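Last residue of the sequence shown: 261 in full-length UniProt numbering, with the numbers rising by one and none dropped. Note sheet for the following structure.
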Amino acid sequence: MPGQLDSTYGAWFVALFIENLLYGMGLVQTWIYLFRRPADKPCIKWTVLIVLALETLQMLSFFRSSYFRFVERFGQIQIDPIWTDSLQLLAGYLNMFAVQLYFASRIHASGLSLIGVWIILILAVVQISAGIAQTVVLYCLGSYTRLSETTPVTAVQSAACLACDLLTMAFLCLFFRRSKGNSDMKQTRLILDRLISDAINRGTLTSLSSAMNLILFLALPNTFWFFLGLAPSSKLYMITFLTSYVFESSLPVNASPFAQA
């Protein structure tokens, strides 16, 4: 069983590399937001900073876990999870939850479907609950060779994430298309086309990440291949959240579809 783990350390390194790239993109987007919107309300700035702080914590924890395994324990097969493994998982899940709440608030502001908002909120709560359970179970098991024993909670977490992302994408696209149909102004229609494109891109990226995590975890148990889907997922949430928010906040008040809902 340890042989299965060490033979997939390459997937761990690739995931770490992708995480670093995506985190750098998130830092640039955060700087752009803070530079362009210095007068925003403190609560809005705190939302952006909380997302950044959680992703920074996740990135540092993942790096610490990697350093421990491949530098401090060089030449040894480290099958026991350490506290930073649990911390990086928890930080990532909390960030995903925060972004899911943000988009749920956008759908609520659209006045499109209160039932849809509640379904998204329920899926988000299921996601974070299963994520916390997975973090606790993995730490209590004390070995990556028993990773397959977390399959039920991992499957629930990934499936809830996938469903939440797809539903969010569907409701946002529906709202923007309805707003587009009610507008005769060319500039407004172009803005709505951009918002529809952003919603589709966001939903596709985060859904693919969740699906890859779930498929690799189930198809290749007790290996690190699932890191290729898990590690970048929270960074994709940060990037898509910042992209959507920066673009929406740059619109004039009368051009924002949410202000007109």
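All residues carry an ideal CB built from backbone N, CA and C; glycine is no exception. No experiment lies behind these values; they were computed from the predicted model shown.
Cβ atoms of residue j and residue i: under 7 Å apart, would you say?
i      : j      : result
PHE217 : ALA15  : no
ALA124 : GLN157 : no
LEU192 : PHE176 : yes
MET238 : GLY26  : yes
LEU114 : ASN222 : no
THR84  : SER65  : yes
THR145 : ILE79  : yes
GLY111 : PHE171 : no
GLN88  : PHE62  : yes
GLN100 : CYS173 : no
TYR139 : SER86  : yes
State the DSSP-derived secondary structure class of residue i, mapped to helix, strand or coil.
i      : result
THR223 : coil
LYS235 : helix
ILE122 : helix
LEU112 : coil
ARG73  : coil
ASP85  : helix
ILE107 : helix
PRO38  : coil
GLY24  : helix
ASP198 : helix
ILE32  : helix
SER129 : helix
THR8   : coil
To the nearest angstrom, how far is the alpha carbon of residue i from that of residue j?
i      : j      : result
ALA53  : ALA98  : 12 Å
LEU167 : ILE120 : 7 Å
TYR102 : GLN76  : 43 Å
ARG106 : MET59  : 28 Å
GLN134 : LEU57  : 18 Å
SER233 : PHE241 : 12 Å
HIS108 : GLU149 : 38 Å
TRP74  : LEU21  : At residue 74 the sequence reads Phe, which differs from the Trp that was named. Approximately 25 Å between the Cα atoms of the pair.
GLY92  : GLU19  : 12 Å
SER210 : LEU90  : 16 Å
TRP118 : PHE68  : 42 Å
ILE34  : LYS45  : Residue identity check: residue 34 is Leu in the sequence provided, not Ile. Distance between the alpha carbons of LEU34 and LYS45: 8 Å.
If distances are taken between C-alpha atoms only, which option among the options comes closest to residue i?
i      : options                          : result
ALA155 : ASN95, THR206 and GLN127         : GLN127
ARG178 : LEU195, ALA163 and LEU162        : LEU195
TRP31  : TYR93, CYS43, LEU49 and CYS173   : LEU49
PRO152 : GLY142, ILE132 and MET169        : ILE132
PHE70  : LYS41, PHE13, CYS164 and PHE17   : PHE13
ILE122 : GLY142, ALA159 and TYR139        : ALA159
GLU55  : LEU162, ALA231, ILE44 and LEU208 : ALA231
Assuming residue i contacts residue j under a Cβ cut-off of 8 Å, what Cβ separation, rounded to an integer in Å, is found between them?
i      : j      : result
LEU236 : THR206 : 5 Å
TRP225 : ALA11  : 5 Å
ASN95  : VAL137 : That pair is no contact at about 20 Å.
ASP198 : SER143 : Actually they are not in contact, since the Cβ atoms of ASP198 and SER143 sit about 42 Å apart, beyond 8 Å.
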